[in-house]
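According to the working numbering, the stretch in the sequence shown is residues 5 to 78, in order.
Every residue, glycine too, gets a C-beta built ideally from N, C-alpha and C.
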Amino acid sequence: MKTDREKTTPRFNKENCIACAMCVDICPSGVLELQIANSIHGFRRFPRLTDAENCTGCFSCEKECPTGSITMAA
Ligand code: SF4
Ligand code: SF4
Numbered sequence: 005m006k007t008d009r010e011k012t013t014p015r016f017n018k019e020n021c022i023a024c025a026m027c028v029d030i031c032p033s034g035v036l037e038l039q040i041a042n043s044i045h046g047f048r049r050f051p052r053l054t055d056a057e058n059c060t061g062c063f064s065c066e067k068e069c070p071t072g073s074i075t076m077a078a
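Listed below in structure tokens is the structure:
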């Protein structure tokens, strides 16, 4: 079991994200949602980590993302 200090959580690359919501759907903890945010593409929907505390750092979102837009980081 990882401690909170070692736990990594997802970081999202807005440039490559296509807002497919696959990361949101796969997250077993239900801590991701799509939210309107600004980017170089203008206002669009992007994933957001809603509850870092309950993210288990399972990497499912990173593995599922078809565009490689998720990087796990401490
Ligand atoms: S690492 Fe796992 S628990 Fe955390 S946001 Fe991604 S899918 Fe959800
Ligand atoms: S799975 Fe990847 S491309 Fe799809 S919404 Fe999540 S971060 Fe964006």
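Simplified DSSP assignment, three categories, for residue i
i, result
"I74", "strand"
"A23", "coil"
"I30", "helix"
"T66", "It is worth fixing the name first, because residue 66 is Glu in this sequence and not Thr. DSSP places E66 in helix when its eight states are reduced to three."
"E37", "strand"
Residue i versus residue j: straight-line alpha-carbon distance, rounded
i, j, result
"A41", "N20", "14 Å"
"C27", "E57", "17 Å"
"M76", "G34", "17 Å"
"E66", "E10", "17 Å"
"F16", "S73", "6 Å"
Candidates the options, of which the one nearest residue i by Cα
i, options, result
"E68", "Q39, K11 and A23", "A23"
"I60", "M26, L38, A25 and I30", "Before going further, note that residue 60 is Thr rather than Ile in the sequence given. Of M26, L38, A25 and I30, the residue nearest in Cα terms is I30."
"R49", "Q39, S43 and D55", "Q39"
"G46", "A78, T75 and K18", "K18"
For residue j and residue i, believed in contact at Cβ under 8 Å, the rounded distance
i, j, result
"T54", "E37", "5 Å"
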